[in-house]
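Worksheet: one structure, shown below.
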């Protein structure tokens, strides 16, 4: 595209202009926000409340004596503060967000509206049964969708995020092993696994045994089978895996695992590649968490909240944690106590207070009803198609370690194509920021060097993908030609230049504190 | 399908570039026996916004929203007024649809919010350091116990009988793997002698204040007793607004504070998502679970913020991490931060006083009803009544009369005989005098 410069006195945005510091520190629409503690003061508030006096009699002598130290701000100041901050964030609503394994897909606003209906958003978790039938019905419908899509008989709804779901699955496995009177303390985890897998296994009291990957990016099934033994409680396999590849030997692995008396935990982080086409239950999986914020598009919110329901096989269903949802002649009911358990139920315990992430359940069901089974399948296919389109369009200029065959929903590149340029994966990612893109996932998975994991999702148009591909081709070609200008010191056009993470960790400053000395008057 | 931008022509062109004959070719690594047709899924087809809105609205209408009737349910989740600005701001695309701030140069909005949130939480709890949130109060309490086990290299956790039973069960689920969890006797309306249970194997005592019955507990003597035996005091708060009126757990000697932040900025949501506040002494920083945001500078010398001390975390340390937590409660933490910024010192202290005054007035009113005895001598915005009848059917009968009259203690602790006739009642700034009158009248009817 060329720009019509008629009538313009000069070219905009020359390097010199950018280097001219402003008096305010702001630059046009690039507005800074000081800390609330630096702009707030006493004697002002953004919420009008009556000033009631309280008697000491019922406070047990524990009335607060000191001020808390919170700053006071009016409503317009608070709005301006957070609006300014918001503008320093990249977001999926603003542009392509290709974070591999994180699944940044479109967040439909209908889902936000539904979660805010007073009957859901303003419903107390311990309200009487008769007051909550609609909510319990919604949970039951969501359970039906999850068990049907996965081909699994049961689902535990209370885990609050993916890692919490992993914990739930492993605790069910621990309980099942104990119920058989066995002692199995080892969990096999492929080296390509997400960090939460080994962390969760350790958290649940297991020892972690890593299984290597094969040169084709899949887990080494022979090595895995060789490690099976009477002390192995489970394997934790991600499928599709973190290289964006389907583990084609999964059914054979499941058979071997079961023959050894162990359980098969599947990390369902990448279920969005296969939903509506493949049922994990048909693969021999015993437990799998589903990140509702990935596959079913509940918003990531800058780091949560998530929701991590866990589907369970017949071998594990009895051990699902409390509360359990059941129905009888009077409708739905939550079983919160061991004395009321249905026949055969042996819950391992409770994952959290109340019954899970209801706000996320509403959003996820809204997403499912909107898509329907056909839309869910189409979304998976489009996600896989888009990732393969990127892989096919970039593998000649970047290096795709497993690029000979198709990928699933994400395309993995390594840093071989940068060899000799002095440019790293980090430099390449930061240069993408200047081009208006959020970088891909960097340095993960660990099984390839300088990994760049690109997940476009089904939410991008072909035009959007083509632009992205053109930008990445341009960057890769310049990098390979040794043109370092765009990479050295990038990003230039973000709200901040590269941040010093080493200094942050060496002397941590984790909160604002008032200046120790009063400011001297000039 | 309105959310999917690719057209059939696009798909054909893309397959051609890839060199694949059809979409099935891209799934060729899936074993053929595992590929199922669409008809294998007994589920509905795609629907428009209007149809989905109608279906879900119908379900929502079958629930009784707390704001639609006189409502007095608490026990770990509280109905408060959330200023309109909060929900407007958290729905800004840049907050709602961003990921965890892994690329700090284009995530300063989220990061500065977390830095300010950590400061707010530290101030409110009276602690030196706070993290960037955990899932909720119950899981924060469980993480606190595990942290105490690591710090003291001891296994035993002693839980107060006044700890919310769901919290106690959550702690037992994880902490019994790494040690022993002992629960003190349940003594509604009074403080058990928990200090007497602390011994040389004790890693921590966990005390909630106000406790599940609403009773304000004095943490000082418990802190002293714990510290004398080399154990830590974990203070649990389920009603964050109480910190605006009551002495902070930090000032009373707590070592770790786990708090449910739902009350500030977040709706009831039938139990989640909520936001776990987690604060501790600075010397324990390297054993903290969860994300931490720290201040630094960029290459041009400007102040900025990054996630830091990540060598504690799962993505670096894998099986040696302090916790497996990854996604936490970012957007709920943002809602908390905005609401607290709006309140400020004056707003929060007024809100807290108002809550106490409302609950106090309600307690006086209900205590006049024949067959009702107030069990809680010192409380913030929640108290326990002993009724002349079992509380669970009373609550159902009140619901029939259009009043959500609190939480029967037996729902939380069905095995405690003492709980049978106890009703846990909360009142906040949202309850009017008309609500009180309706509750009083209905309760009098039900109890006669």
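Chains as they are written, first to last, in our numbering: chain A, 605 to 1126; chain B, 2 to 449.
Just so it is clear, CB atoms sit at the ideal spot from N, CA and C, and this is done for glycine as well.
Where the alpha helix (DSSP H) through residue i begins and ends
| i | result |
| --- | --- |
| residue 718 of chain A | 713–719 |
| residue 442 of chain B | 434–448 |
| residue 50 of chain B | 50–62 |
| residue 222 of chain B | 221–229 |
| residue 166 of chain B | 166–179 |
| residue 16 of chain B | 9–19 |
| residue 24 of chain B | 24–27 |
| residue 722 of chain A | 722–725 |
Check whether residue i and residue j have beta carbons under 9 Å apart
| i | j | result |
| --- | --- | --- |
| residue 112 of chain B | residue 305 of chain B | yes |
| residue 875 of chain A | residue 846 of chain A | no |
| residue 1108 of chain A | residue 295 of chain B | yes |
| residue 86 of chain B | residue 343 of chain B | yes |
| residue 249 of chain B | residue 640 of chain A | no |
| residue 738 of chain A | residue 67 of chain B | no |
| residue 704 of chain A | residue 1058 of chain A | yes |
| residue 377 of chain B | residue 1114 of chain A | no |
| residue 78 of chain B | residue 269 of chain B | yes |
| residue 988 of chain A | residue 1011 of chain A | yes |
| residue 4 of chain B | residue 1042 of chain A | no |
| residue 884 of chain A | residue 755 of chain A | yes |
| residue 345 of chain B | residue 1040 of chain A | no |
| residue 723 of chain A | residue 48 of chain B | no |
Contact set for residue i: own chain, Cβ-Cβ below 7 Å, skip 5 residues either direction
| i | result |
| --- | --- |
| residue 1125 of chain A | With a pLDDT of only 45 at residue 1125 of chain A, under 50, the local geometry of the prediction cannot be trusted, and the value read off the model is given with reservation. For residue 1125 of chain A, where only same-chain residues beyond five positions count, there are no Cβ hits under 7 Å. |
| residue 8 of chain B | none |
| residue 224 of chain B | 234, 253, 254, 255 |
| residue 15 of chain B | none |
| residue 1030 of chain A | 1046 |
| residue 88 of chain B | none |
| residue 82 of chain B | 430, 431 |
Neighbour-count burial assignment, residue i, 16 or more Cβ in a 10 Å radius
| i | result |
| --- | --- |
| residue 606 of chain A | Low confidence applies to residue 606 of chain A: its pLDDT is 48, below 50, so where it sits in the model is not reliable enough to give any reading. |
| residue 656 of chain A | exposed |
| residue 40 of chain B | exposed |
| residue 146 of chain B | buried |
| residue 403 of chain B | exposed |
| residue 685 of chain A | buried |
| residue 985 of chain A | buried |
| residue 55 of chain B | exposed |
| residue 627 of chain A | exposed |
| residue 159 of chain B | buried |
| residue 1136 of chain A | Outside the modelled stretch of chain A, which goes from 605 to 1126, sits residue 1136 of chain A, for which no answer is possible. |
Spatial neighbours of residue i in its chain, beta-carbon cut-off 8 Å, leaving aside the 5 residues before and after
| i | result |
| --- | --- |
| residue 1021 of chain A | 1001, 1002, 1003, 1080, 1083, 1084 |
| residue 633 of chain A | 691 |
| residue 695 of chain A | 701 |
| residue 315 of chain B | 322, 324, 325, 326, 327 |
Own chain, CB closer than 6 Å to residue i, minus 5 neighbours either side, in chain order
| i | result |
| --- | --- |
| residue 383 of chain B | 75, 215, 427 |
| residue 853 of chain A | 825 |
| residue 71 of chain B | 404, 436, 439, 440 |
Residue i, enclosing beta strand (DSSP E) - first and last residue
| i | result |
| --- | --- |
| residue 747 of chain A | Unbroken run through residue 747 of chain A is the alpha helix (DSSP H), 737–754; no beta strand (DSSP E). |
| residue 840 of chain A | 836–842 |
| residue 235 of chain B | 233–238 |
| residue 813 of chain A | 811–815 |
| residue 203 of chain B | 203–209 |
| residue 309 of chain B | 304–309 |
Cβ separation of residue i and residue j, assumed to be a contact under 8 Å, to the nearest whole Å
| i | j | result |
| --- | --- | --- |
| residue 278 of chain B | residue 122 of chain B | 5 Å |
| residue 150 of chain B | residue 180 of chain B | 5 Å |
| residue 690 of chain A | residue 93 of chain B | 4 Å |
| residue 929 of chain A | residue 936 of chain A | 6 Å |
| residue 813 of chain A | residue 777 of chain A | Residue 813 of chain A to residue 777 of chain A, Cβ: 15 Å. No contact. |
| residue 65 of chain B | residue 731 of chain A | 6 Å |
| residue 1035 of chain A | residue 1046 of chain A | That belief does not hold up - the Cβ atoms of residue 1035 of chain A and residue 1046 of chain A are roughly 12 Å apart, past 8 Å. |
| residue 307 of chain B | residue 1105 of chain A | 5 Å |
| residue 90 of chain B | residue 683 of chain A | 7 Å |
| residue 982 of chain A | residue 148 of chain B | At roughly 46 Å, the Cβ-Cβ gap does not stay under 8 Å, so residue 982 of chain A and residue 148 of chain B are not in contact. |
Distance cut-off 8 Å: residue i Cβ against heavy atoms of the ligand MG
| i | result |
| --- | --- |
| residue 332 of chain B | Among the ligands in the structure shown, none appear at all, so the ligand MG cannot be discussed. |
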